[in-house]
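Student:
Residue numbers (my numbering): 306 to 537.
Written out as structure tokens, the structure is:
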């Protein structure tokens, strides 16, 4: 059975052939690292081409700046958004405030958000994991959205890894993540393409119950005996 490293070139080629690269976000190259990271903190898929309603509301309220949001309480953020006719849940308002404070504290110069020398990815990741409400997958989603070499091991990715024999049910999060980042040679664009493709494989073919392997573009990478099932 081919290892992850051996399978990776074929995997990325199959995903690119089937799905192509992630769609260009409507913000294009003008979308700031803060906006991209905040969207990920709020759970927006990396393949989303449209602004989330929360991001749009913050922008319309003139609040889409890390320092501005960090200086406000979560309640003040919510009240400002609601005042212009948009909905914002207390949980999302709290996440906005927490991420903005982290960003303002760690990256006061937003140009450093994509500068590995000025702000190493490993240091940013450790700081994100210290923020209440941000777990490993969310931290990696934020970093990847900001153009950093990171990869979120979500449930879909983990199912795909296990069913193809590239991990097993006892594999720890960082143990699963490390070879993925290494295989992409730390290239954020390639990691984003991989995340985009595997998320869609997970939704369309590799659900938590019965996988639809016969129609899956990754069927040719399965073990000879078929998919392995995650324990539990």
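Ideal Cβ positions, reconstructed from N, Cα and C, are used throughout, including at glycine.
Between 488, 510, 348, 427, which has its C-alpha nearest residue 314's C-alpha?
Tutor: As a first step, residue 314 must be located in the chain shown, where it is residue number 9. Ranking the options by Cα distance to residue 314, first place goes to 488.
Student: Mind checking residue 306: buried by the 16 CB within 10 Å criterion, or exposed?
Tutor: In the chain shown, counting from the first residue as 1, residue 306 sits at position 1. Burial call: exposed.
Student: In chain order, what residues of the same chain have a beta carbon less than 7 Å from the beta carbon of residue 338, not counting five sequence neighbours either side?
Tutor: Within the chain shown, residue 338 is the residue found at index 33, counting from 1. Excluding residues within five positions, the ones whose Cβ falls inside 7 Å are 415, 418, 419, 451, 452.
Student: With a 10 Å radius around its C-beta and 16 neighbouring C-beta atoms as the bar for buried, classify residue 392 as buried or exposed.
Tutor: As a first step, residue 392 must be located in the chain shown, where it is residue number 87. Classification of residue 392: exposed, given that the 10 Å Cβ count is below 16.
Student: Quick one: grab the DSSP three-state call for residue 510.
Tutor: Position 205 of the chain shown, counted from the first residue, corresponds to residue 510. Of the three classes helix, strand and coil, the one that applies to residue 510 here is coil, per DSSP.
Student: Taking the CB atoms as reference points, tell me whether residue 389 and residue 356 lie closer together than 8 Å.
Tutor: Translated into the one-based positions of the chain shown, residue 389 becomes position 84. Translated into the one-based positions of the chain shown, residue 356 becomes position 51. Taking 8 Å as the Cβ cut-off, residue 389 and residue 356 do not qualify as a contacting pair.
Student: Alpha helix (DSSP H) containing residue 543: first to last residue?
Tutor: The structure shown does not extend to residue 543, since the chain is modelled only from 306 through 537, so no value can be given for it.
Student: Using a threshold of 8 Å, state whether the C-beta atoms of residue 319 and residue 340 are closer than that.
Tutor: Counting from one through the chain shown, the residue named residue 319 turns up at place 14. Counting from one through the chain shown, the residue named residue 340 turns up at place 35. In this structure, residue 340 does not lie closer than 8 Å to residue 319 by Cβ.
Student: Can you give the Cα-Cα distance for residue 457 and residue 444, rounded to whole angstroms?
Tutor: Within the chain shown, numbered from 1, the residue matching residue 457 stands at position 152. Within the chain shown, numbered from 1, the residue matching residue 444 stands at position 139. Near 8 Å, if we compare the C-alpha coordinates of residue 444 and residue 457.
Student: Less than 8 Å between the beta carbons of residue 448 and residue 426, yes or no?
Tutor: Residue mapping note: residue 448 aligns to position 143 of the chain shown, counting from 1. Residue mapping note: residue 426 aligns to position 121 of the chain shown, counting from 1. Taking 8 Å as the Cβ cut-off, residue 448 and residue 426 qualify as a contacting pair.
Student: Considering residue 323, what are the terminal residues of the alpha helix (DSSP H) in which it resides?
Tutor: For this step, residue 323 is matched to residue 18 along the chain shown. It spans 309 to 324 - the alpha helix (DSSP H) in which residue 323 sits, taken as one unbroken run.
Student: In chain order, what residues of the same chain lie with their CB nearer than 8 Å to the CB of residue 498, ignoring the 5 residues before and after it?
Tutor: The count along the chain shown starts at 1 and reaches residue 498 at position 193. So the list reads 317, 320, 321, 326, 327, once near-sequence residues are dropped.
Student: Keeping to the same chain, check which residues put their C-beta closer than 6 Å to that of residue 333; ignore five residues upstream and five downstream.
Tutor: The residue labelled residue 333 in the question sits at position 28 within the chain shown. Low confidence applies here, because residue 333 scores a pLDDT of 49, under 50, leaving its location unreliable; read the following figure in that light. Answer for residue 333: no residue qualifies.
Student: Skipping 5 residues on each side, what residues in its chain have a beta carbon closer than 6 Å to that of residue 514?
Tutor: Here residue 514 is taken as the residue at index 209 of the chain shown, counted from 1. Counting only Cβ-Cβ distances below 6 Å, and skipping sequence neighbours, we find nothing.
Student: Mapping DSSP to helix, strand and coil, what is residue 486?
Tutor: As a working mapping, residue 486 is identified with position 181 in the chain shown. Residue 486: helix per DSSP, three-state reduction.
Student: So, helix, strand or coil for residue 476, using DSSP?
Tutor: The residue labelled residue 476 in the question sits at position 171 within the chain shown. In this structure, residue 476 counts as coil in the three-state DSSP scheme.
Student: Along the chain, where does the alpha helix (DSSP H) that runs through residue 391 open and close?
Tutor: Locating residue 391 in the chain shown gives position 86, counting from the first residue. Run containing residue 391: none; DSSP gives neither H nor E here.
Student: With a Cβ-Cβ cutoff of 8 Å, do residue 410 and residue 359 count as a contact?
Tutor: Within the chain shown, residue 410 is the residue found at index 105, counting from 1. Within the chain shown, residue 359 is the residue found at index 54, counting from 1. No, Cβ-Cβ distance for residue 410 and residue 359 is not below 8 Å.
Student: Mapping DSSP to helix, strand and coil, what is residue 495?
Tutor: In the chain shown, counting from the first residue as 1, residue 495 sits at position 190. In the structure shown, residue 495 sits in a helix (DSSP, three-state: H, G or I).
Student: Tell me which same chain residues have a C-beta within less than 7 Å of the C-beta of residue 478, skipping the five on either side of it?
Tutor: Working through the chain shown from its first residue, we reach residue 478 at position 173. For residue 478, where only same-chain residues beyond five positions count, the Cβ hits under 7 Å are 441, 458.
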